[in-house]
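Visitor: Going letter by letter, the sequence shown gives residues 7 to 418 in the working numbering.
Think of the CB as a built atom: it goes at the ideal place given N, C-alpha and C, for glycine as much as any other residue.
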Amino acid sequence: MLENNKPIGKTGDIFNKLSSPPIGESLIGLEEVKKYFNIGTFEQQFACLAEALKYGDDGWNLIIETFINTSGKLMWAAYELLLKNPEPKIKQILWTYNPYRFFDCLSTLGDQASNLKDAIEAIAITPNGQTIVSSRHDALIKVWDLQTEQELYTFMGHPESVRSVVISPDGESVVILGYHPTMNDKTIRLYNLKTGQQIRHHIGHSGYVSSFVISPDGQTLIIGSHEPKISLWDLSTGQQIRTISEDSDSFLLCILLVWSNPDRSLLVGSDCGRALKVWNLETGQLLHTLRKHTDEGLCTAISPDGRTLVSGSQDTTVIVWDLEAGEDLYTIKGLKGHSDYITSVAFSPDGQTFASSSWDKTIKIWDLNTGQEICVLRGHTDFVSSITFSPDGQTLISGSWDGTIKVWGVVL
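1) Could you give the uninterrupted runs of the alpha helix (DSSP H) lying entirely in the region 358–398, keeping only those of 4 residues or more?
2) Which residues in the same chain have their Cβ closer than 6 Å to the Cβ of Pro27, if we skip the five residues on either side of it in sequence?
3) State the DSSP-derived secondary structure class of Asp110, mapped to helix, strand or coil.
4) Please report the straight-line C-alpha distance between Ser32 and Gly65, rounded to a whole angstrom.
5) How big is the Cα-Cα spacing for Ser309 and Val326?
6) To test your reading of the DSSP string, which unbroken beta strand (DSSP E) runs of 3 or more residues are found completely within the region 195–244?
7) Which residues bound the beta strand (DSSP E) around Leu292?
8) Return the residue from the list Ser364, Ser319, Gln204 that minimises the CA-CA distance to Thr337.
9) Compare the Cα-Cα distances from Leu183 to each of Gln203, Tyr214, Thr410, Phe43 and report the closest residue.
10) Going by the beta-carbon positions, is the gap between Thr394 and Lys367 smaller than 8 Å?
11) DSSP on Lys148, reduced to helix/strand/coil?
12) Just how far apart, CA to CA, sit Glu330 and Leu293?
13) Please report the straight-line C-alpha distance between Ile29 and Met81, rounded to a whole angstrom.
14) Could you check the C-alpha separation between Ser216 and Ile250 for me, to the nearest Å?
15) Which term fits Leu122, buried or exposed, when burial requires 16 or more other beta carbons within 10 angstroms of its beta carbon?
16) Verify whether the separation of the beta carbon atoms of Val264 and Leu315 is less than 8 Å.
17) Would you check if the distance between the CB atom of Ile147 and the CB atom of Val168 is smaller than 8 Å?
18) Excluding the five sequence neighbours on either side, which residues of its own chain have a C-beta within less than 8 Å of the C-beta of Ser345, listed in chain order?
19) I'd like the list of long-range same chain contacts for Gly202, defined as Cβ closer than 8 Å, with 5 residues on each side in sequence excluded.
20) Whole angstroms is fine: what's the gap from Ile380's alpha carbon to Thr289's?
21) I'd like the list of long-range same chain contacts for Arg384, defined as Cβ closer than 6 Å, with 5 residues on each side in sequence excluded.
22) Just confirm the distance between the C-beta atoms of Ala119 and Trp407, as a whole number of angstroms; I'd bet it's less than 8 Å.
23) Which residues mark the beginning and the end of the alpha helix (DSSP H) in which Gln50 is found?
24) Check whether the Cβ atoms of Ser317 and Leu282 lie closer than 8 Å to each other.
25) Which of helix, strand or coil does DSSP assign to Val417?
26) Using the Cα positions of Asn198 and Asp328, report the straight-line distance between them to the nearest angstrom.
27) Which residue wins for smallest C-alpha separation from Glu157, given the options Gly116, Ser396, Pro92, Cys260?
28) By Cβ distance, which residues of its chain are closer than 6 Å to Gly405, with the 5 residues on each side in sequence left out?
29) For Glu38, which three-state DSSP category applies?
This is the structure in structure tokens:
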């Protein structure tokens, strides 16, 4: 097909060769890669970047130039390729030109709150990154199309307020945990995400339900309550599977998150003693008790590789933990951190960056390796209650007590 690094046949043939990276063997020289990169579609340009990996420093320079001098999807594609290179030079470039440094508000969904009932309590995004679900203090659930920025429909998720909204891993349903201030609320409601119709409501827990998560395979509902145990339920049948008991007399306040890969599954929760607890979800074994926060209201996120935990608290600190060793790595506080309660933390999909939101009305984005602040996102006029990254990492979604949802990203 090629002879002496020169293509034979039509340009389209070369593009066909380049359309499914990575390529098994070098088909063209670097100059040809650059030429086709300049005239190709996004898919062809991405294929050219993958091909450039084979040409040493000169190939890396093409990727670096693309990362620095372009925007949008192509910049993110170059960024992901650069992440795979351990060279100090590349790491410095990633820090200097980290795309999250250039995040700004792309759009605002919803209207400014006129009272507390309009406050956004929680947000979630579907696995395909196309739909946002938000809950308000008055229990009104709104479903949004992220691309068109249009509200698709609304429904009432609970008789009172809604505290938690979780989308199932298949993106087909949304699970709601409500809050009734005058009664022991023990119900969790499951809705069809496409129609807003209730599928079932889950009753069966003996104590006040404080929190829940869904396992990554979408089969298990894991519930925390004002009891010294965690209960696991079959999400499709509503039948209890087993429990994980606490050794202490303290009751469990909340289940914060669950993480899983083929080798192990981790469950993270907190108790009334302000400690974080990490269990092996399969065996129920308590792996670590992490004590450093000095106040309640804990929120957490686990890195995509499962090695690092980030936690925030009403004590205004953000702590980064080594999950293998069960030890803290560093704490962000004081002038370099937030000035009020931490409400939510989230990892970017590449695992190199995380974000935190606060009652101080800001969102901060941090470099995981150094703990350095990358940028501050300002625009909400009241407490930022919830944040989440889109699955592709190109946007960050935030909900606030000001009644709005903001979409943050690199301005194109």
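Guide: Walking through what the data contain:
1) none
2) In this predicted model, Pro27 has a pLDDT of only 44, less than 50, meaning its place in the structure is not dependable; the value taken from the coordinates is given anyway. The answer, listed in chain order, is Ala53, Ala56.
3) strand
4) At Ser32 the pLDDT is 46, less than 50, meaning the model places this residue with poor confidence and gives no usable figure here.
5) 10 Å
6) 204–208, 215–220, 226–231, 235–240
7) 292–296
8) Ser319
9) Tyr214
10) no
11) strand
12) 9 Å
13) Confidence is the limiting factor: at Ile29 the pLDDT is only 43, short of 50, which leaves the residue's position unreliable, though a coordinate-based value still follows. Straight-line Cα distance between these residues: approximately 20 Å.
14) 16 Å
15) exposed
16) no
17) yes
18) Thr322, Ser364, Asp366
19) Ile147, Val149, Tyr159, Thr160, Phe161
20) 39 Å
21) Thr368
22) 7 Å
23) 48–58
24) yes
25) coil
26) 37 Å
27) Gly116
28) Ile126, Ile129, Ser140, Ser391, Ser392, Ile411
29) helix
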